[in-house]
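Line order of the protein sequences matches chains P and U. Residues in the first sequence are numbered consecutively from 8, following the working numbering. Residues in the second sequence are numbered consecutively from 967, following the working numbering. For each residue, glycine too, the CB sits at the ideal point set by N, CA and C. Small disclaimer: the values here were computed from a predicted structure and weren't measured.
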Amino acid sequence: EPEVTQTPSHQVTQMGQEVILRCVPISNHLYFYWYRQILGQKVEFLVSFYNNEISEKSEIFDDQFSVERPDGSNFTLKIRSTKLEDSAMYFCASLGPWIEGSYNSPLHFGNGTRLTVT
Amino acid sequence: GNSVTQMEGPVTLSEEAFLTINCTYTATGYPSLFWYVQYPGEGLQLLLKATKADDKGSNKGFEATYRKETTSFHLEKGSVQVSDSAVYFCALSERYNFNKFYFGSGTKLNVKP
């Protein structure tokens, strides 16, 4: 079964540094998402991306965050200047394809990137 | 607005016990409802779903029924196994708006042999 793949699995960075988290969604999917999970608890929505633009973002997704789909396969989340409170597990997810009036597959998640900001 | 509330954990059960994890929701319109499971060190995986009122989703012995009148989607399993130990998330999406899926806070299940 196709998978969403995320790299790296663990990223350690110093406060104030930029990080880029990478995701390869399932190839025929149309919606792409970033969620984060702090301390293995609540899953928080960050942003969704459709038709090459942001379709919705949360209040967490401020000017320090950006997303790109530069080449039609990768989907990246950039944090421009990391803070201690950005330490979390970041999950990429994708949804699609649209078949006969609905999305035929469920939301597919990658295994996450654990970001540690020191 | 949309939101999901699920019972706090952790829930600790002995093997073969009956499991219920409560989930209630608030939504505009007619949402689709989901249960996702997260095993240690992994991402979330869909466990089951229901897309309209009175639908029952089922998978791997787990069941949940979409109850519009009580705005609930409780997860049940008749006989849990040690391998069911995981974190369970209730979630919803609006029927024709896929910009965001709303997740509950998760319920950790520990099953003891």
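For E60(P), the three-state secondary structure derived from DSSP is strand. Of all residues in the segment 1009 to 1021 of chain U, the ones placed with a Cβ closer than 9 Å to any Cβ belonging to chain P are G1009, L1010, Q1011, L1012, K1015 and T1017, in chain order.
With respect to F1000(U), L1012(U) sits close: the two C-beta atoms are nearer than 8 Å. Nearest to D70(P) by C-alpha distance, out of S88(P), F82(P) and S80(P), is S88(P).
Partner residues in the beta bridge of F116(P), as assigned by DSSP, are A100(P).
Excluding five sequence positions before and after S1038(U), the CB atoms of its chain that fall closer than 6 Å to its own CB belong to T990, given in chain order. From the beta-carbon of S1071(U), the residues of chain P found nearer than 9 Å are Q48, K49 and V50.
At a cut-off of 8 Å between beta-carbon atoms, P113(P) makes contact with chain U.
Separation of Q48(P) and D78(P) (C-alpha to C-alpha, rounded to the nearest whole angstrom) is 33 Å. Apart from the 5 residues on each side of it in sequence, T1031(U) sits with its Cβ closer than 6 Å to the Cβ of K1022 in its chain, given in chain order. DSSP places E75(P) within a strand segment (E or B) once states are collapsed to three. DSSP places L91(P) within a helical segment (H, G or I) once states are collapsed to three. S1051(U) sits in coil when the DSSP states are folded into three classes, being neither helix nor strand.
Put simply, of Y1005(U), V1048(U), E1008(U) and T1017(U) the residue whose alpha carbon is nearest the alpha carbon of P113(P) is T1017(U).
In the same chain as G995(U), and ignoring 5 residues on each side of it, the C-beta atoms closer than 8 Å to its own belong to E1060 and R1061, in chain order. Spanning the alpha carbons of E60(P) and I86(P) requires a straight line of approximately 17 Å.
Per DSSP, Y40(P) is one residue of the beta strand (DSSP E) stretching across Y38 to Q44.
In terms of CA proximity to L53(P), F72(P) leads the group Y38(P), E92(P), L37(P) and F72(P). A distance below 6 Å between beta-carbons, with the five flanking residues on each side excluded, links T14(P) to the following residues of its chain, in chain order: R29.
Under the DSSP definition of a beta bridge, F52(P) partners with Y42(P).
Beta-bridge annotation (DSSP): T1031(U) is paired with K1022(U).
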